[in-house]
Amino acid sequence: MTISREEVRHLALLVRLGLSEDDVLRFSGQLSHILESFEILNEVDTSHVAPTANSIGIESVMREDEPKPCLAVEDVLANAPSRENTFFKVRPVLE
Amino acid sequence: MTYETVIGLEVHAQLLTRSKMYCACAADYAAAAPNTRVCPVCLGLPGALPVINKRAIEFVMMTALALNCTIPEHTKFDRKNYPYPDLMKGYQISQYDAPIGINGWLAIDVNGEEKRIGINRVHMEEDVAKLLHRTTPLGESSTLIDVNRSGVPLMEIVSEPDVRSAEEARQYLIKLRSILQYLGVSTGNMEEGSFRCDANVSIRPAGSEEYMTKVEVKNMNSFKSVYRALEYEAARQRKVASEGGRLVQETRGWLEDKGVTQSQRSKEHAHDYRYFPEPDLPPLVLSRTWVTKTEAGLPELPDSRRNRFMSEYGLPLYDARLLTNSKSLADYYEATIQMCMEKPDLRKAKTICNWLLGDFARLLNLEDIEVQESKVSPAQLDEFVGLIDKDVISGPASKKVFEEMFKTGKPPGEIAKEQGLTQIGDASAIEEVVRQVIASNAQAVIDFKAGKEQAAKFLVGQVMKATRGRANPQMVGEILQRELEGE
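Protein sequences appear in the order of chains D and P. At position 74 of the first sequence the residue is numbered 74 (my numbering), and the sequence of numbers has no breaks. At position 459 of the second sequence the residue is numbered 459 (my numbering), and the sequence of numbers has no breaks.
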C-alpha cells in the first residue's frame, strides 16, 4: 500500500504541519513503508478473535465524582507563549 | 410542487457533575477566574491520563433510559481530531460507534395527538475551552483562552430526522429540556450555553421518502431563535427549489438581529475528524445490574406527572402540560396544593393553577425570574386563594392584592386590609351605593327599563367603580335588579 504525495499534503493540512516538497516526498515513502510493515499482520488468521480496540485486558476504569485541587494558575500559564492577566493569548482565530 | 420540511436535532447538554469528565478539576467554571480550574489532563499536557467520571456516565444512562433508549452492554470512547485553539489536546474525547444509548424516542404533542420523535443516540463527550476574540483600540487583534470549561462533561442527544416543522422542533426541545431538569442532570439553560441546539434541515416533495441535501443550522441561542431560524431556513430552501435553484450541503449560522441564516464557508476537509479508539481509556462495560438499578431509580418524568395532575387534581390536559413542562412550576404548584388540600378540593386546585399560569407567570416573565425566586411563598399563594374562596376579596381587587404581594412579599390578608381592598359583602352598604348610582344615571335607568342589557352592565360597572372594585359583584347584580324593579 502506498501513500501518495497528495495524501501526505492532505494530512499535513489536517494536523497543521508546514512541509516542504522534499518533506512530502520523504514522508510519502516512509509512511508507505510503515503501512506495508503493518500489512504483514494481515497474514495472521484472526477469524476466531473478537475485535478489540484495546489489548491490555482491563475495562471499566472509573472514578467517583469528587473534585480535587487544580494546578496553581502560574503553573498553568508557565509554558504560555504569551498571556494577558490569567488568560492564554494567541494569534487571532475566527472561524 | 408541495414540499415537506425534514429536521433532525442535535442537542449538547452540560451535565451537573461536581468534577470534570476526564479529570478531577471542579466543574464550576462559570464562577471561577480564568484558568483556575485546570490540571495537566484538561490542559492537554503530554503523558497526562484521563479517567472516566462515573457520575457523568450514570447521568447519560439516566437520560438514555428516560428517552426509551436501549443501553448496549459494551461502550467505548474515541478521539475526534481537529485543530482549533479551544481544543487543548488537538482532539476531543467523544464516542463514535458505540454510544451509551441508542434507538429511543421522545413524545411530543402535535395538534392534540401524540407524536414520537426517534432518538438516534445519546453519547458522552467533553466541552471545550472558551475563546475571547478581541481587537485593541490600536487595531491589534488577538484571541484569549480560558481553559476552565475544557473537559466539562457534555452529553449529545441526536434525534432521527422525524421533526416536520419549526413548531415540532420547539416542542421537542421544551420536552427534552424538561426531562433533563426532572432527572436533575442538567440546568437546561440555553442562554447560558448549558443546553445548545444545532439542526439539520432539508425539504423534499411531499410524500417522498427520500432525504435531500441537508443544511446544518447553528448559532441558535434560545427556543425562540430555534423556531425563527428553522422557519426561515425551510422557507429559504423552498424558495431556492421553486426557482429551479440547487441547494448545497453547507453549514449556515443564524443571525439573530437580521433574522436570516448565512452560509459559513468552512475550509476544505474541515470535517475530516479521523476518529479512532481512545487508547488512554479502556472500554466501558455497562453491567446489566447497573442499568437495572439506574432505571429503577428514575424519578417521575414530565409525562407521568402531567397524567397524575389530570387525575389527582382534575386539571385539563392543556393546563397540566403547561405546569409540568417546567419542573420548578410543577414543584411550586404541588407545594401550594399540599398547604390546603387535606381532602381533594378540585375547584381550589384549578384556581391555584389559573393564578400560577396567569398573572403569576406574567409577573415572573416580566422580572425574568423562576417561581422559586419570587417573594410569594406557596403558603401565601394558598392564603390568597383562600381569601378569594371565602369572598374576602373580590375578583377585580384580587389582581391588585396579588401584584402588591408579588412586589412586597407581604401576606395577602394584610395587603387587602391596608389598602381597603377587602370585599364589601354587607348588603346595606351596597344598597346605599346602588341607590346613589341609580339617582345619578337617569338615562341608563330608562334604557334598562326599555330592555337594554347593556344598561344593566353599565350600572353594575358604576357601582364597582364607586366601591373601587370592592363590592361583591354578585350581590351588586342582585340588589340593582331589586332596586330597579322596585322603582
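Each residue gets a CB set at the ideal place from its N, CA and C atoms; glycine is no exception.
Check	Outcome
Could you tell me the boundaries of the beta strand (DSSP E) in which R196 (chain P) lies?	195-205
Find the nearest neighbour of F59 (chain P) within the set P:V11, P:K89, P:F77, P:M155, judged by alpha-carbon distance.	P:M155
According to DSSP, is G47 (chain P) part of a helix, a strand, or is it coil?	coil
Determine the DSSP secondary structure at P411 (chain P), reduced to helix, strand or coil.	coil
Using the three-state DSSP reduction, which class does A307 (chain P) fall into: helix, strand or coil?	First, the amino acid is wrong: residue 307 (chain P) is Asn here, not Ala. Note: N307 (chain P) maps to helix in three-state DSSP.
Suppose you measure from the CA of V248 (chain P) to the CA of I174 (chain P); what does that come to, to the nearest Å?	30 Å
Using a Cβ-Cβ cut-off of 8 Å, state whether L43 (chain P) counts as contacting chain D.	yes
What residues from the segment 48-71 of chain D come within 8 Å of chain P, judged by C-beta to C-beta, listed N to C?	T52, A53, N54, I56, I58, E59, S60, V61, M62, R63, E64, D65, E66, P67, K68, C70, L71
How far does the beta strand (DSSP E) with S97 (chain D) in it extend, from its first residue to its last?	Coverage of chain D is limited to positions 1 through 95, which leaves residue 97 (chain D) absent and any answer about it impossible.
For A66 (chain P), which three-state DSSP category applies?	helix
DSSP three-state label for N54 (chain D), please.	coil
At a CB-CB cut-off below 7 Å, which residues of chain P make contact with P92 (chain D)?	H133, S141, S142, T143
Whose C-beta lies closer than 8 Å to the C-beta of R26 (chain D) among residues of the same chain, with five residues either side of it excluded?	none
Taking a cut of 8 Å between CB atoms, which residues from the segment 4-32 of chain D lie near chain P?	H10, L13, L14, V15, R16
Check the C-beta distance from S263 (chain P) over to E250 (chain P) and give it rounded, since I have them as a contact under 8 Å.	5 Å
Taking 8 Å as the CB-CB cut-off, is R18 (chain P) touching chain D?	yes
Between P:R435, P:G486, P:E278, P:K348, which lies nearest to S55 (chain D) when the distance is taken from Cα to Cα?	P:E278
Is DSSP giving T294 (chain P) helix, strand or coil here?	helix
If you follow the beta strand (DSSP E) that H12 (chain P) is part of, which residue opens it and which one closes it?	3-14
Quick one: Cα of T136 (chain P) to Cα of P92 (chain D), how far?	12 Å
Return helix, strand or coil for D65 (chain D), following the three-state DSSP convention.	coil
Return the Cβ separation of A471 (chain P) and V433 (chain P) in integer angstroms, given the expectation that the two are a contact with Cβ distance under 8 Å.	7 Å
Cβ of L35 (chain D) less than 8 Å from any chain B Cβ?	Among the protein chains in the structure shown, which are D and P, there is no chain B.
List the residues of chain P whose Cβ lies closer than 7 Å to the Cβ of E84 (chain D), in chain order.	L144
Could you tell me the alpha carbon to alpha carbon distance between H269 (chain P) and E300 (chain P), rounded to whole angstroms?	Confidence is the limiting factor: at H269 (chain P) the pLDDT is only 45, short of 50, which leaves the residue's position unreliable, though a coordinate-based value still follows. Using only the alpha carbons, I get a separation of about 45 Å.
Using a Cβ-Cβ cut-off of less than 7 Å, list which residues of the segment 19-33 of chain P approach chain D; keep chain order.	S19, A24, C25, A26, A33
Contact criterion: CB-CB distance below 8 Å. Does T36 (chain P) meet it with respect to chain D?	yes
Could you tell me the alpha carbon to alpha carbon distance between N148 (chain P) and F406 (chain P), rounded to whole angstroms?	38 Å
Please report the residue range of the beta strand (DSSP E) in which G253 (chain P) lies.	250-255
In the DSSP assignment, the beta strand (DSSP E) including N219 (chain P) goes from what residue to what residue?	215-220
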